[in-house]
Structures are given as C-alpha cells and as structure tokens.
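Student: I am attaching a structure below and will ask some questions about it afterwards.
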Amino acid sequence: MFPKPALPLVASKTRNAARLLKTAAMSTATSKSGFYVTFSDLGSKEECLATITMNSPKANTFDYASLQALDEAVKQVQSKKGVRGLVLSSAVDGFFSGGFNLPVFRQIAHHDFLQLWSLGKSVFRRIYSLPVPSVAAIDGHALGLGCVMAMACQKRYMVESKKLIGLNEVAVGMPVPEWLSVRFRDLTSPRIAEDLLGVGAAVAATEACKAGLVDAVFASKPEMDAAVLGFLQTRAAVSAYAQSETLSALRRQFLDYFDQSYERDNQLFWAAISHPDTQRSIEQALEKLTAKKKGNGQGPKK
Numbered sequence: 000m001f002p003k004p005a006l007p008l009v010a011s012k013t014r015n016a017a018r019l020l021k022t023a024a025m026s027t028a029t030s031k032s033g034f035y036v037t038f039s040d041l042g043s044k045e046e047c048l049a050t051i052t053m054n055s056p057k058a059n060t061f062d063y064a065s066l067q068a069l070d071e072a073v074k075q076v077q078s079k080k081g082v083r084g085l086v087l088s089s090a091v092d093g094f095f096s097g098g099f100n101l102p103v104f105r106q107i108a109h110h111d112f113l114q115l116w117s118l119g120k121s122v123f124r125r126i127y128s129l130p131v132p133s134v135a136a137i138d139g140h141a142l143g144l145g146c147v148m149a150m151a152c153q154k155r156y157m158v159e160s161k162k163l164i165g166l167n168e169v170a171v172g173m174p175v176p177e178w179l180s181v182r183f184r185d186l187t188s189p190r191i192a193e194d195l196l197g198v199g200a201a202v203a204a205t206e207a208c209k210a211g212l213v214d215a216v217f218a219s220k221p222e223m224d225a226a227v228l229g230f231l232q233t234r235a236a237v238s239a240y241a242q243s244e245t246l247s248a249l250r251r252q253f254l255d256y257f258d259q260s261y262e263r264d265n266q267l268f269w270a271a272i273s274h275p276d277t278q279r280s281i282e283q284a285l286e287k288l289t290a291k292k293k294g295n296g297q298g299p300k301k
C-alpha cells in the first residue's frame, strides 16, 4: 500500500492537474536543456506557480556551470511577482539528480573548492528561504546534492519505483557536512539520521517515506503531479502575506544557524575534501564506477 496523498483526488482532477503541469513544462522543455523556470497561472492572472525543470542529460549531475544555471532559475522565481508556489522537477528519465559529478572533487584546488561549495550552499539557501510552499517532484534517483536540493523544498513527493533517494556521501568516502546532517535529522529523527547517514545509505521511496525524508509516495507520475498541484492550490487559497511571514519565521532559526556556521563549514569541509583518505576514497569510487559503466558514456556521480 502506498501512503495516500495529503489531499483527496478524483480521476478528473488527476488528469487536469497533470495536464496543467505538463503544459507549463512543455512550453520550453521540448527544445530546451539545462536548468530553467516556467510560470503558469494559479487561480488568477496575478498569482502563478513556478516550475524549475532540471534537464541536463544524462543524470542532472552538478558542476559549477550547472549550479550557476540552477541558481539563475531560482533567482527568476525570487524576482517574479505573484509566485505562490514552486515545483522542482526533472525531465531526465530515471533521475531527479545524481548529485555532484564526482570528478570535480578530484585533487580540487582550494579556490575552486570554495567557489563550487559556496555556490551549492547558496542555491540550497535560496530554495529553502523562499517564502512560499515548495515541492520536489521526484521521479528517479535523488542522490547526494540531488537529495540536498530536494531537502531544500518544503515537501518531497516521490513515485514508487526501484529508484533511490539519500545522502550517499559516506559510501564514497566523503563526510556529510554538519548543517546538512542537521537538516536531515530535522526531517527524519536522530536515530534514522545516524542509521542512514553513517553508512551513506540511499533508500527507495516507501522506506524514505517511513523515515520522514519523503512526504508522500505515488504509484505514477500523473498521480504525483496532481497531488503537487492540489497541495500548492490549497496553500495559495490563504493570504500571501500571512503565509510568507509565517514560513519565514519558521525557517529563521535554521537559516540563522546556517549563516553563522557558513565560514566554519567551508573550513571543515575543505579539510575533509582535501584529506588524503577522502581523496583516496574518491579515486577508488571513480575506478569502480568507470569499470562498471565503461562503454555507456555516463560519468561517475555522487
């Protein structure tokens, strides 16, 4: 049995919601790749729903350029008047995001690391601090930084399949930063965080839902799309001012902690990334992935 969506849905609503989200994405997705945003009316011409689509084959992996593209998409959402909700989704089959493209950390210089890591944290912060409801619509693997971006959203909805979600850093020899461990623990529990993060485990949708990492699981993408739209439409029915002020207040404590620990995190994670054990683990992980994926052209990911 799949956990039921938070909102009751009839078949006609499911079809209409899926059609609305698909139309919004198709306006540019048919010819555009990369990371981009589309807007669709949400109840009135003054209010709209923003959808950021990640469409960077083969697995929406991140390097500096792709993080810049995602950052620009989020900035567009921030600057658009009347946005009442955000959907973060993927147009890549089988992947929400495979996370960082692992070779970017191989023997990375300090300056390059600071630029890359600071940008990744900035994108997370932009999404998390948006004063509107947000949903990560996950239909594929969400690993490493892909899971991080999903965790920046208020809700995570996922289609049931063999695809996995999780912070798999430890599995490839990289420690999980403190602020990210805190966010994961807040979504799940201290015990679950230790169990999963301690071994870099990624889990399927149903297990992730039981853990609290995912909010609802659906049998198909159309059902998930309908639930996403239903959730955002319901949230858009209340005062935008009252809602944004309340959400900002609820997120302020974590953001204060995030900002206060920003430089310390940079120092600690640089020490971790540049540590000989970490670099050796990265090399070993790349060797295994190269051997496993040899011939298919798919790069290694975290």
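Quick note, the sequence shown lines up with residues 0 to 301 if you use numbering that gives the first Met the number 0. Glycine residues also receive a C-beta, built at the ideal position from the N, C-alpha and C atoms. Nothing here was measured: the structure is a model prediction, and the numbers come from that model.
Buried or exposed: where does Val120 fall if 16 or more other Cβ atoms within 10 Å of its Cβ makes it buried?
Tutor: For this step, residue 120 is matched to residue 121 along the sequence shown. Contrary to the premise, residue 120 reads as Lys rather than Val in this sequence. When all chains shown are included, Lys120 counts as buried.
Student: Measuring only the C-alpha atoms, how far is Phe38 from Ala49?
Tutor: By one-based count along the sequence shown, residue 38 stands at place 39. By one-based count along the sequence shown, residue 49 stands at place 50. Each residue's Cα considered, the two are about 5 Å apart.
Student: Mapping the DSSP letters down to three states, classify Ile281 as helix, strand or coil.
Tutor: Stepping through the sequence shown from its first residue, residue 281 is reached at position 282. Of the three classes helix, strand and coil, the one that applies to Ile281 here is helix, per DSSP.
Student: Could you spell out the range, first to last residue, of the beta strand (DSSP E) harbouring Cys146?
Tutor: If you number the sequence shown from 1, residue 146 lands on position 147. Unbroken run through Cys146 is the alpha helix (DSSP H), Leu144 to Met150; no beta strand (DSSP E).
Student: Can you tell me whether His110 is buried or exposed, with buried defined as 16 or more other CB within 10 angstroms of its CB?
Tutor: Here residue 110 corresponds to residue number 111 of the sequence shown, with the count starting at 1. His110 should be labelled exposed.
Student: Let's test the definition: count the other Cβ atoms within 10 Å of the Cβ of Val131 and tell me whether it reaches 16, buried, or not, exposed.
Tutor: Within the sequence shown, numbered from 1, the residue matching residue 131 stands at position 132. With 16 or more other Cβ atoms within 10 Å, it is buried.
Student: Please confirm whether Ser164 and Cys146 have their CB atoms less than 9 Å apart.
Tutor: Here residue 164 corresponds to residue number 165 of the sequence shown, with the count starting at 1. Here residue 146 corresponds to residue number 147 of the sequence shown, with the count starting at 1. One point to set straight first is that residue 164 is Ile, not Ser, in the sequence displayed. Closer than 9 Å, so yes.
Student: Do three or more CB pairs link the stretch 52-62 to the stretch 84-103 at distances below 8 Å?
Tutor: A contact exists between the stretch 52-62 and the stretch 84-103.
Student: Measure the alpha-carbon distance for Ala136 versus Leu85 and round it to whole angstroms.
Tutor: As a first step, residue 136 must be located in the sequence shown, where it is residue number 137. As a first step, residue 85 must be located in the sequence shown, where it is residue number 86. Cα to Cα, the separation comes out at about 10 Å.
Student: CA-CA distance, Ser180 and Leu115?
Tutor: Taking the sequence shown and counting its residues from 1, the one referred to as residue 180 is at position 181. Taking the sequence shown and counting its residues from 1, the one referred to as residue 115 is at position 116. If I take the Cα positions, the gap works out to 19 Å.
Student: Check whether the Cβ atoms of Ser96 and Leu129 sit closer than 9 Å, and answer yes or no.
Tutor: Walking along the sequence shown from the start, residue 96 turns up at place 97. Walking along the sequence shown from the start, residue 129 turns up at place 130. Cβ atoms of Ser96 and Leu129: not closer than 9 Å.
Student: Specify whether the stretch 180-189 and the stretch 217-234 touch according to this definition: at least 3 beta carbon pairs, one from each stretch, less than 8 Å apart.
Tutor: As far as the Cβ criterion goes, the stretch 180-189 does not touch the stretch 217-234, which means the pair count is below three.
Student: Would you decide whether Ala24 is buried or exposed? Buried here means 16 or more other CB atoms lie within 10 Å of its CB.
Tutor: One-based indexing of the sequence shown puts residue 24 at position 25. With a pLDDT of only 43 at Ala24, under the threshold of 50, the placement of this residue in the model should not be trusted; the figure read from the coordinates follows. So Ala24 ends up on the buried side.
Student: Tell me whether Gly165 sits in a helix, a strand or coil according to DSSP, three-state version.
Tutor: Numbered from 1 along the sequence shown, position 166 holds the residue referred to as residue 165. In this structure, Gly165 counts as strand in the three-state DSSP scheme.
Student: With distances taken from CA atoms, which of Gln283, Pro174 and Cys208 is nearest Ala270?
Tutor: Stepping through the sequence shown from its first residue, residue 270 is reached at position 271. Nearest of Gln283, Pro174 and Cys208 to Ala270, Cα basis: Pro174.
Student: Among Tyr127, Leu231, Ala210 and Val103, which has the Cα closest to the Cα of Lys74?
Tutor: Stepping through the sequence shown from its first residue, residue 74 is reached at position 75. When only C-alpha atoms are compared, the closest one is Tyr127.
Student: Roughly how far, in whole angstroms, is the beta-carbon of Asp214 from the beta-carbon of Tyr156, given that I think they are within contact range, below 8 Å?
Tutor: Counting from one through the sequence shown, the residue named residue 214 turns up at place 215. Counting from one through the sequence shown, the residue named residue 156 turns up at place 157. Right, the Cβ-Cβ distance comes to about 6 Å (below 8 Å), so this counts as a contact.
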